[in-house]
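Remarks on the structure that follows.
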Ligand code: ADA
């Protein structure tokens with residue numbers, strides 16, 4: 054049977070302070086490994102963690118580190134595939150098990166799996182030694198977003214969980230879920246029918262042929278009852294795979310998922326062998342819903358829906374990027390308390406725990422590829438395009454079955470007013486649409502009236518900082534109204550009428566700085582600006598939602614802009630970095646509670 058064993062805990066680490074191993078090292082390093090392991094002086098560290106918060110000298114260390122731990126395989130792992138699953142390493146990762154190279158991966162925020170079957174000890178009771186190399190250097194042209202300065206911190210290390218996975222020979226390799234909630238074109242909140250489709254990929258990693266069956270059960274865990282099921286026969290040759298499409302008619306005893314009532318159903322997939330022995334089992338929590346765009350509005354489960362949102366970076370002074378699940382829960386609960394129903398993970402794939410919590414709490418999540426602030430030279434670079442597409446594919450593969458996903462965002466503030474931006478986005482949209490024909494695809498723009506790509510996106514996401522970096526806060530209204538007029542008047546340059554949301558707007562509010570005259574940098578000014586923007590959007594009547602920038606203050610690394618980022622922090626959070634509320638938190642909470 055499938056087994057997952059967490060390897061999180063206290064590991065050993067050696068920081069390459071002298072930059073002896075500055076870049077990609079691969080299989081050839083194997084020969085040096087035994088000497089290396091005895092030569093260097095190891096320290097204790099936690100995994101997950103980032104080295105930057107461990108000590109002052111490492112805060113701005115951008116380079117390499119080696120991690121080391123040991124693990125045992127359970128006895129029943131014979132004939133199984135043995136994998137190591139990494140939740141996230143920033144940025145480049147190379148791994149060895151018992152001195153044997155087992156693989157490498159490059160991407161700061163997406164998860165990956167390495168097959169280590171060939172390297173673990175055969176008796177499976179011995180201690181196995183795992184060595185991991187991580188490098189977050191800046192100088193590589195193909196490392197998104199680190200191709201140039203970005204407005205968040207380049208933390209380094211194994212910043213998410215590591216798990217040992219024992220996969221049985223006959224396995225449920227993958228599944229992709231889709232539901233059909235049919236209201237029959239009528240108003241009302243009760244659908245005529247609900248159907249679940251599951252495209253399941255199976256594998257037979259043994260020398261014998263496989264014949265058996267695949268079942269799916271849908272459980273209402275609150276009532277402890279099974280409410281639907283389906284099954285199909287399966288046969289696979291030795292070392293072959295198979296695809297099975299299961300369709301489950303759910304009848305009418307299903308509650309739909311949404312922020313007000315995030316009802317999840319427990320799906321249990323089982324693969325049975327010829328004499329009904331259980332070979333493999335996978336479980337998932339699924340929320341049934343229907344999301345539509347009708348002209349300038351979103352519809353959730355057949356009712357108009359307004360995105361009352363924010364943005365969030367994964368950051369904390371004590372944890373850096375490696376936030377524990379309890380802190381994710383704290384943040385997301387404070388969002389719910391502020392009547393927030395959606396947020397964008399700025400500007401990259403988040404920890405899986407975040408999406409699980411969004412499913413459970415009823416928060417829509419927008420997940421983004423870190424194609425950030427790319428300039429025309431970047432956008433012409435085929436290596437960067439390939440990296441962005443690979444990152445989308447990895448993000449989508451991991452998170453495609455979450456009820457909370459509202460949209461996939463393919464870029465943020467790239468030069469989408471330039472032909473190179475158009476070319477880049479056309480390629481990214483085509484690539485993403487091919488992998489995901491159903492969910493909303495967007496990019497986030499700050500090019501306002503000069504943007505030439507709005508016809509590509511399912512809805513407009515506009516970043517505006519009038520009243521902070523330039524102009525007066527009132528000036529944003531003209532931009533939004535003009536966008537709307539262009540959309541309606543000039544033979545649909547956007548392709549069609551579509552929702553417009555304000556995806557970023559805000560002001561720096563230094564926590565604790567109060568001002569009788571509402572001076573900039575004060576909490577008072579920040580609250581006033583957010584209040585003005587949200588209130589105006591409500592009055593305009595055609596804005597489909599707002600995502601304030603942003604939820605928490607976060608660490609940045611812009612030494613060339615010390616005046617622009619006091620404390621080396623971006624202070625536009627409505628909470629400070631220790632999650633204490635500013636005046637703006639209460640302002641947003643009140644405005645969102647009144648926006649119906
Ligand atoms: C941009 C960018 C954000 C942040 C913000 C700001 O819109 O998308 O990452 O840098 O500006 O605070 O200026």
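In my numbering, the protein residues as written are 54 to 649. By construction, the Cβ of each residue, glycine as well, lies at the ideal position given by its N, Cα and C atoms.
Under 7 Å between C-beta atoms of residue i and residue j
i, j, result
"residue 421", "residue 462", "yes"
"residue 321", "residue 270", "yes"
"residue 535", "residue 509", "no"
"residue 611", "residue 618", "yes"
"residue 59", "residue 216", "yes"
"residue 349", "residue 595", "yes"
"residue 366", "residue 574", "no"
"residue 335", "residue 268", "no"
"residue 130", "residue 225", "no"
"residue 67", "residue 93", "yes"
"residue 576", "residue 635", "yes"
"residue 282", "residue 262", "no"
"residue 410", "residue 455", "no"
"residue 312", "residue 394", "yes"
"residue 230", "residue 339", "yes"
"residue 358", "residue 247", "no"
"residue 125", "residue 183", "no"
"residue 221", "residue 329", "no"
"residue 227", "residue 189", "no"
"residue 499", "residue 524", "no"
"residue 396", "residue 363", "yes"
"residue 406", "residue 378", "yes"
"residue 368", "residue 70", "no"
"residue 196", "residue 141", "no"
Beta-bridge partners of residue i, as assigned by DSSP
i, result
"residue 90", "For residue 90, which the question treats as bridged, DSSP gives no partner whatsoever."
"residue 288", "264"
"residue 327", "Residue 327 pairs with nothing; no bridge assigned."
"residue 369", "373"
"residue 361", "599"
"residue 554", "514, 598"
"residue 348", "According to DSSP, residue 348 bridges with nothing at all."
"residue 68", "118"
"residue 185", "120, 148"
"residue 273", "278"
"residue 335", "322"
"residue 627", "DSSP lists no partner for residue 627."
"residue 99", "63"
"residue 248", "233, 302"
"residue 228", "253"
"residue 519", "523"
"residue 607", "623"
"residue 48", "This structure leaves residue 48 out entirely; the chain is present only between 54 and 649."
"residue 58", "217"
Where the alpha helix (DSSP H) through residue i begins and ends
i, result
"residue 474", "472-488"
"residue 429", "429-432"
"residue 168", "Taken as a continuous stretch (DSSP letters only), residue 168 belongs to no alpha helix (DSSP H), being part of the beta strand (DSSP E) at 165-168."
"residue 146", "First-last for residue 146: 145-150, but that is the beta strand (DSSP E), not the alpha helix (DSSP H)."
"residue 535", "529-542"
"residue 440", "435-452"
"residue 580", "576-593"
"residue 206", "From DSSP, residue 206 is part of no alpha helix (DSSP H); its letter is neither H nor E."
"residue 407", "405-414"
"residue 396", "Element bounds for residue 396: not the alpha helix (DSSP H) but the beta strand (DSSP E), 395-398."
"residue 385", "378-390"
Residue i Cβ short of 6 Å to the ligand MG heavy atom set
i, result
"residue 81", "What this structure holds is the ligand ADA, not the ligand MG."
Continuous beta strand (DSSP E) stretch holding residue i: start and end
i, result
"residue 621", "Careful: residue 621 lies outside any beta strand (DSSP E) and carries neither H nor E."
"residue 646", "Not the beta strand (DSSP E): residue 646 falls in the alpha helix (DSSP H), residues 636-647."
"residue 9", "No information on residue 9 is available, as it lies outside the stretch 54 to 649 that the chain covers here."
"residue 138", "134-139"
"residue 157", "153-159"
Discussion item. Pairs of beta-carbons, one from the region 468-485 and one from the region 422-437, closer than 8 Å: are there three or more?
Written reply: The region 468-485, when compared against the region 422-437, does touch it at the 8 Å Cβ threshold.
Worksheet item: Does the region 621-636 touch the region 552-563, meaning 3 or more C-beta pairs lie closer than 8 Å?
Response: Verdict: yes, contact present.
Worksheet item: Are at least three pairs of beta-carbons, each pair with one atom in the region 536-545 and one in the region 570-583, less than 8 Å apart?
Response: Short answer: they don't touch.
Worksheet entry | Meets three-Cβ-pair contact criterion under 8 Å: the region 153-173 and the region 133-145 | With the cut-off at 8 Å, the region 153-173 and the region 133-145 touch.
Discussion item. Whether or not the region 70-88 and the region 236-255 are in contact is what I'm after, with contact meaning three or more pairs of Cβ atoms, one per stretch, closer than 8 Å; do they touch?
Written reply: Because the criterion of three Cβ pairs below 8 Å is not met, the region 236-255 and the region 70-88 do not touch.
Practice prompt. Would you check if the region 251-259 and the region 291-308 touch, i.e. whether three or more CB-CB distances between them fall below 8 Å?
Written response: Yes, they touch.
Worksheet item: Does the region 477-492 come close enough to the region 519-526 that 3 or more CB-CB pairs lie under 8 Å?
Response: Using a C-beta cut-off of 8 Å, the region 519-526 makes no contact with the region 477-492, since fewer than three inter-stretch Cβ pairs fall below that distance.
Practice prompt. Would you check if there are 3 or more beta carbon pairs closer than 8 Å linking the region 175-185 to the region 107-116?
Written response: With a cut-off of 8 Å, the region 107-116 and the region 175-185 do not count as touching, because too few Cβ pairs lie within range.
Practice prompt. Kindly confirm or deny that the region 444-451 and the region 155-165 touch, where touching means at least three C-beta pairs closer than 8 Å.
Written response: Flag = yes, the region 444-451 and the region 155-165 touch.
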